[in-house]
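Colleague: Quick one: the structure is below, and I'll ask about it shortly.
Residue numbers (the numbering used here), protein chains in the order written: chain A, 221 to 423; chain B, 221 to 423.
Written out as structure tokens, the structure is:
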């Protein structure tokens, strides 16, 4: 068991270091230093990294699989803020930055492998590794642009336009998402979503 | 005229340096250096800082007045991303960061006084002034948290809840906003908004 765990961790680190090499100009030593502070975790399908009400204690890098960030209404319905496929980062920034309980949960849609850094360790890395800091800022900027674009779409677009934009943005993992999750992301009913997809297939 | 302009600029700088002293531990020299790279601009009511299709070339600090960031649909309807009252910053980050045409416009709701920094100058200030960089990161984080919260509200809240949240968040300038702009921010019709406000007044 321990050996298998080590083997998985090794594979994860290989994929992570490939990612970091492609995204930054960090040398092998710096990458190994970043990896050395990560812990690896395997998530079963539907397993949560943390739940609403808990503190988001880690930055999460998805090596394999697909996560979602979601809130749950009093009536039990789910609202999806973000999907995070492999080779992407996720966290609830508000909870993580201030170490206060989160309003959302982050959980696995598929069985997933993730790397985790706690805030203390990651803050040290950001201070000592300017290239990592630059990457982090780029990711924050990209998320920021996308959030604003999404708010504008929400205010102005028809359900058809929202779905078309979604397909345009996320072609690679669209087929891995249950319909109800796409609906919960777009803020439209499953019935409306089914109608839109049906109309598109007929064209 | 020139004297009056100088006088306005002086008042603006006083308010800006008071703001910076309160928000950071910058000393007077550093604050004067930041001010010295700003240009001042007076905006008439309804005047835009820039329009959709133009590049957002400046970081904007509102000294007096109230701005809005908005998109316009093909049918001419407005959708409001953000309100920016006095002693707050605004820009379209996507356009500013990459110096590409913006999808939104930023304009004055009331006659306003703003300070502007172009990207080249502000980048120099961020590099040379760590406390300004920290403040900028705090503002980005706050905007990020709020954008995510707003997306979650959009997906899950009733129009009544959206309006209640809006009143809670922005009590200070609620009375300065025309009804149609509040509706364009919340993504609800003026009719629905009027009904909600009427119901609240009767309680």
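Where a beta carbon is used, it is the ideal one built from N, C-alpha and C, also for glycine.
If I measure Cβ to Cβ from residue 346 of chain B and keep anything under 7 angstroms in the same chain, skipping five residues before and after, which residues do I get?
Modeller: Taking the second chain and counting its residues from 1, the one referred to as residue 346 of chain B is at position 126. Result list for residue 346 of chain B: 352, 353 and 356, in chain order.
Colleague: Look at the alpha carbon of residue 372 of chain B and the alpha carbon of residue 302 of chain B, and state the distance between them as a whole number of angstroms.
Modeller: As a working mapping, residue 372 of chain B is identified with position 152 in the second chain. As a working mapping, residue 302 of chain B is identified with position 82 in the second chain. Residue 372 of chain B and residue 302 of chain B: Cα-Cα distance of roughly 16 angstroms.
Colleague: Would you say residue 364 of chain A faces chain B, with C-beta separation under 8 angstroms as the test?
Modeller: Start at 1 with the first residue of the first chain, and residue 364 of chain A comes out as number 144. Yes, residue 364 of chain A lies at the interface with chain B (some Cβ there is under 8 angstroms from its Cβ).
Colleague: Please report the straight-line C-alpha distance between residue 413 of chain A and residue 406 of chain B, rounded to a whole angstrom.
Modeller: Translated into positions along the first chain, residue 413 of chain A becomes position 193. Translated into positions along the second chain, residue 406 of chain B becomes position 186. Roughly 23 angstroms separates the two Cα atoms.
Colleague: Between residue 303 of chain A and the ligand ATP, is there a pair consisting of the residue's CB and a ligand heavy atom that are separated by less than 7 angstroms?
Modeller: You won't find the ligand ATP in this model; it holds no ligand whatsoever.
Colleague: How long is the line joining the alpha carbons of residue 393 of chain B and residue 335 of chain A, rounded to whole angstroms?
Modeller: Taking the second chain and counting its residues from 1, one reaches residue 393 of chain B at position 173. Taking the first chain and counting its residues from 1, one reaches residue 335 of chain A at position 115. Distance between the alpha carbons of residue 393 of chain B and residue 335 of chain A: 44 angstroms.
Colleague: Taking contact to mean 3 or more Cβ pairs, one atom from each stretch, closer than 8 angstroms, check whether the stretch 278-296 of chain A and the stretch 366-382 of chain A are in contact.
Modeller: no
Colleague: Looking at chain A, is there any beta carbon in it that lies within less than 8 angstroms of the beta carbon of residue 265 of chain B?
Modeller: Reading the second chain from its first residue, position 45 is the one you call residue 265 of chain B. Not closer than 8 angstroms to any Cβ of chain A, the Cβ of residue 265 of chain B fails to qualify, so no.
Colleague: Under 8 angstroms, CB to CB, which of the residues in the stretch 369-397 of chain B have a partner in chain A?
Modeller: 369, 370, 371, 372, 374, 375 and 376
Colleague: For a minimum of 4 consecutive residues, which ranges assigned as the alpha helix (DSSP H) are wholly contained in the stretch 283-367 of chain A?
Modeller: 313-318 and 339-348
Colleague: Return the residues of the stretch 299-319 of chain B that lie within a Cβ-Cβ distance of less than 7 angstroms from chain A, sorted by chain order.
Modeller: 299, 301, 313, 314 and 317
Colleague: State yes or no: is the beta carbon of residue 360 of chain A nearer than 8 angstroms to at least one beta carbon in chain B?
Modeller: Here the question's residue 360 of chain A lines up with position 140 in the first chain. When Cβ-Cβ separations below 8 angstroms define contact, residue 360 of chain A makes contact with chain B.
Colleague: Could you tell me how far apart the beta carbons of residue 404 of chain A and residue 300 of chain A are, in whole angstroms, since I believe they sit closer than 8 angstroms?
Modeller: On the first chain, residue 404 of chain A is found 184 positions in, with the first residue counted as 1. On the first chain, residue 300 of chain A is found 80 positions in, with the first residue counted as 1. 5 angstroms between Cβ atoms; contact.
Colleague: Measuring CA to CA, which of B/388, B/285, B/262 and B/368 is closest to residue 396 of chain B?
Modeller: Taking the first residue of the second chain as 1, we reach residue 396 of chain B at position 176. Among B/388, B/285, B/262 and B/368, the Cα nearest to that of residue 396 of chain B belongs to B/285.
Colleague: Give a yes or no on whether 8 angstroms exceeds the smallest Cβ distance from residue 327 of chain B to chain A.
Modeller: Numbered from 1 along the second chain, position 107 holds the residue referred to as residue 327 of chain B. So no, residue 327 of chain B is outside the interface.
Colleague: Closer than 7 angstroms by C-beta to residue 239 of chain B: which residues in its own chain qualify, once you throw out the five before and the five after it? Chain order, please.
Modeller: Mapped onto the second chain, residue 239 of chain B falls at position 19. Contacts found: 307.
Colleague: Answer yes or no: does any C-beta atom of chain A fall closer than 8 angstroms to that of residue 367 of chain B?
Modeller: For this step, residue 367 of chain B is matched to residue 147 along the second chain. Taking a beta-carbon distance threshold of 8 angstroms, residue 367 of chain B counts as an interface residue toward chain A.
Colleague: Check this for me: beta carbons of residue 337 of chain B and residue 257 of chain B, under 8 angstroms apart or not?
Modeller: What you label residue 337 of chain B is simply residue 117 of the second chain in a count that begins at 1. What you label residue 257 of chain B is simply residue 37 of the second chain in a count that begins at 1. The answer is yes: Cβ separation under 8 angstroms.
Colleague: Nearest by alpha-carbon distance to residue 313 of chain A: which of B/419, B/420, B/421 and B/367 is it?
Modeller: By 1-based counting over the first chain, the position of residue 313 of chain A is 93. The shortest Cα separation from residue 313 of chain A among B/419, B/420, B/421 and B/367 belongs to B/367.
Colleague: Under 7 angstroms between beta-carbons, which chain B residues line up against residue 291 of chain A? List them in chain order, please.
Modeller: Counted from its first residue, the first chain places residue 291 of chain A at position 71. Simply 372 and 376.
Colleague: Where does the unbroken beta strand (DSSP E) through residue 262 of chain B begin, and where does it stop?
Modeller: Position 42 of the second chain, counted from the start, is the residue given in the question as residue 262 of chain B. Here the beta strand (DSSP E) through residue 262 of chain B covers 259-263.
Colleague: Would you call the CB atoms of residue 315 of chain B and residue 325 of chain B closer than 8 angstroms?
Modeller: Walking along the second chain from the start, residue 315 of chain B turns up at place 95. Walking along the second chain from the start, residue 325 of chain B turns up at place 105. The answer is no: Cβ separation not under 8 angstroms.
Colleague: Since residue 279 of chain A sits in a beta bridge, which residues does DSSP pair it with?
Modeller: The residue labelled residue 279 of chain A in the question sits at position 59 within the first chain. Residue pairing of residue 279 of chain A in beta bridges, as defined by DSSP: A/337.
Colleague: Between residue 311 of chain B and residue 279 of chain B, is the Cβ-Cβ spacing less than 8 angstroms?
Modeller: Your numbering for residue 311 of chain B matches position 91 in the second chain. Your numbering for residue 279 of chain B matches position 59 in the second chain. Contact flag set, yes.
Colleague: Taking Cβ positions, are residue 317 of chain A and residue 328 of chain B nearer each other than 8 angstroms?
Modeller: Along the first chain, one-based indexing puts residue 317 of chain A at 97. Along the second chain, one-based indexing puts residue 328 of chain B at 108. Result no, Cβ atoms of residue 317 of chain A and residue 328 of chain B do not sit closer than 8 angstroms.
Colleague: Give the interface partners of residue 407 of chain B over in chain A, defined as CB-CB distance under 8 angstroms, in chain order.
Modeller: Within the second chain, residue 407 of chain B is the residue found at index 187, counting from 1. Correct list: 374 and 375.
Colleague: List the DSSP bridge partners of residue 268 of chain B.
Modeller: The count along the second chain starts at 1 and reaches residue 268 of chain B at position 48. Answer is B/327.
Colleague: Going by CA-CA distance only, name the one from B/298, B/228 and B/283 that's closest to residue 377 of chain A.
Modeller: Here residue 377 of chain A is taken as the residue at index 157 of the first chain, counted from 1. Residue B/298 is the option with its Cα nearest to residue 377 of chain A.
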